[in-house]
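In this text, residue positions in the sequence shown follow this note's numbering: the first is 26, and each later residue adds one.
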Amino acid sequence: EAGGNKGVSDKQIRLKIFSPNVLDITLVDLPGLTKVPVGDQPSDIEARIRTMIMSYIKVPTCLILAVTPANSDLANSDALQMAGTADPDGHRTIGVITKLDIMDRGTDARNLLLGKVIPLRLGYVGVVNRSQEDILMNRSIKDALVAEEKFFRSHPIYSGLADSCGVPQLAKKLNKILAQHIKAVLPGLKARISTSLVTLAKEHQSYGEISESKACVKFFNAGQGAVILNILSKYSDAFTSMVEGKNEAMSTSELSGGARINYIFQSIFVGSLEEVDPCEDLTDDDIRTAIQNATGPKAALFVPDVPFEVLVRRQISRLLDPSLQCARFIYDELMKISHRCMVNDLQRFPFLRKRMDEVIGNFLREGLEPSEIMIHHIIEME
26 EAGGNKGVSD KQIRLKIFSP NVLDITLVDL PGLTKVPVGD QPSDIEARIR TMIMSYIKVP
86 TCLILAVTPA NSDLANSDAL QMAGTADPDG HRTIGVITKL DIMDRGTDAR NLLLGKVIPL
146 RLGYVGVVNR SQEDILMNRS IKDALVAEEK FFRSHPIYSG LADSCGVPQL AKKLNKILAQ
206 HIKAVLPGLK ARISTSLVTL AKEHQSYGEI SESKACVKFF NAGQGAVILN ILSKYSDAFT
266 SMVEGKNEAM STSELSGGAR INYIFQSIFV GSLEEVDPCE DLTDDDIRTA IQNATGPKAA
326 LFVPDVPFEV LVRRQISRLL DPSLQCARFI YDELMKISHR CMVNDLQRFP FLRKRMDEVI
386 GNFLREGLEP SEIMIHHIIE ME
């Protein structure tokens with residue numbers, strides 16, 4: 026999925042750790058931003074990673090660990106910048122400062138840890154991770170934690186902050202904030218669950234009493250035809266109600282059903298007919314020539330009917346396109362009505378619903394063709 030040369034995929038790799046020595050917590054390790062593509066990475070790798078990160082940290086129920094190395098400028102931290110976008114109030118962002126042990130001589134991150142550079146509501150925690158050399162030498166996590174604590178306790182600058190720095194302190198802080206966060210979001214979550222349960226209970230009740238074993242056997246035998254007939258009857262009533270404007274769940278924001286069909290006839294179709302200029306492409310010379318051709322060698326006292334019929338027949342043919350367009354508009358609206366009036370009972374039978382869609386769609390399409398033929402005949406008759 027990610028290729029063999031530094032590609033990135035948005036598919037998750039889930040790793041579960043069971044131990045009495047770890048907190049009950051879910052951690053999501055997101056990739057850092059890549060400014061310049063390398064290996065198999067696409068040219069828009071930065072935008073892709075940024076989108077992937079935002080899809081996780083924008084969730085209001087998650088906490089954000091904004092990790093920034095101490096030997097870089099905090100003001101240019103991509104982690105803090107993205108965290109500020111996803112969590113502008115700072116209620117769920119914790120700053121983590123790494124690489125405190127490899128800062129340049131004469132510099133320290135005390136002001137960063139105290140929040141005097143870029144304040145965070147939940148503060149900062151400094152940590153010292155294992156180096157690449159420690160990993161190659163198989164230095165254990167336990168030894169690394171002992172060395173980390175020793176670093177903070179013995180450091181002249183960080184010794185006063187030792188009780189709030191280190192991976193164990195970060196874990197405790199996370200556990201405490203997570204518990205507070207869960208407590209804060211739990212009432213809203215319970216309310217949403219309760220609302221969903223009520224909605225689903227009403228939906229379940231509308232499906233009827235057919236359930237397991239004997240009921241199912243009965244359904245697939247004697248009761249099958251009755252159930253299908255009942256569903257078709259409800260669908261027919263719903264379709265009729267929507268066309269006649271008797272639907273209880275009618276829209277108040279747009280025309281639909283029979284009202285939309287009436288609008289197509291009275292506004293769109295009539296408007297397109299009025300736009301047809303009966304004298305377009307018909308000059309005085311055309312009229313004069315047609316009259317002369319109809320009178321032959323004799324002079325006529327009255328204008329004969331024949332030239333009028335010839336000229337009008339040509340103009341009437343221009344009514345064909347607006348009429349065909351009106352028929353297609355009506356067909357489209359009937360298709361929309363057929364999709365909107367699917368009754369709740371069909372939710373139980375997805376295959377029946379799909380089949381009904383196919384049959385109704387075919388029925389309407391089969392009706393469109395003879396309608397268009399009749400329109401052609403009417404125009405030709407005129």
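We treat Cβ as the ideally placed atom computed from N, Cα and C, and that holds for glycine.
In this structure, the straight-line span from the alpha carbon of R135 to that of K141 is close to 9 Å.
Distance from K201 to V150 at the Cβ level is roughly 12 Å; contact not present, criterion being Cβ atoms closer than 8 Å. The three-state secondary structure of T93, taken from DSSP, is strand. For Y149, DSSP records a beta bridge to G120. Scanning L203, V33, L55, L298 for the CA closest to the CA of P62 turns up V33. With respect to the C-alpha of K124, the residue from N96, G131, M107, S102 having the closest C-alpha is N96. A residue is called buried when at least 16 other Cβ atoms come within 10 angstroms of its Cβ; L147 meets this threshold and is buried. CA-CA distance, I38 to R155, rounds to 23 Å. Taken through DSSP and simplified to helix, strand or coil, M128 comes out as coil.
The segment 160-172 and the segment 209-226 do not touch, with fewer than 3 CB-CB distances between them shorter than 8 Å. Between the segment 356-366 and the segment 386-404 there are three or more C-beta pairs closer than 8 Å, enough to call the two in contact.
Between the alpha carbons of L88 and G296 lies a gap of roughly 59 Å.
The residue among V152, D129, D65, Q340 with its C-alpha nearest the C-alpha of L138 is V152. Straight-line spacing of the CA atoms in S68 and R75 works out to 13 Å. Annotation: the continuous alpha helix (DSSP H) that includes N287 extends over 282-288. The continuous stretches of alpha helix (DSSP H) do not include M162, and DSSP gives it neither H nor E.
For the options S184, I182, G191, the alpha carbon positioned closest to that of A169 is the one of G191. Using a 10 angstroms sphere on the CB of Q66, the tally of other CB atoms reaches 16 or more, which defines it as buried. Looking at V301, G283, Y183, L40, the one whose alpha-carbon comes closest to that of K271 is G283. Of the other Cβ atoms in all chains shown, fewer than 16 fall within 10 Å of the Cβ of R130; this residue is therefore exposed. DSSP, read as helix, strand or coil, puts N200 in helix.
In the three-state scheme derived from DSSP, where H, G and I count as helix and E and B as strand, A134 is classed as coil.
In this structure V301 is not in contact with R339, their Cβ atoms being roughly 12 Å apart against a cut-off of 8 Å. Within its own chain, the residues whose Cβ lies closer than 8 Å to the Cβ of T59, once the five positions on either side in sequence are excluded, are V33, Q66, I70, E71, I74, listed in chain order. Taking every protein chain shown into account, the CB of M406 has fewer than 16 other CB atoms within 10 angstroms, so this residue is exposed.
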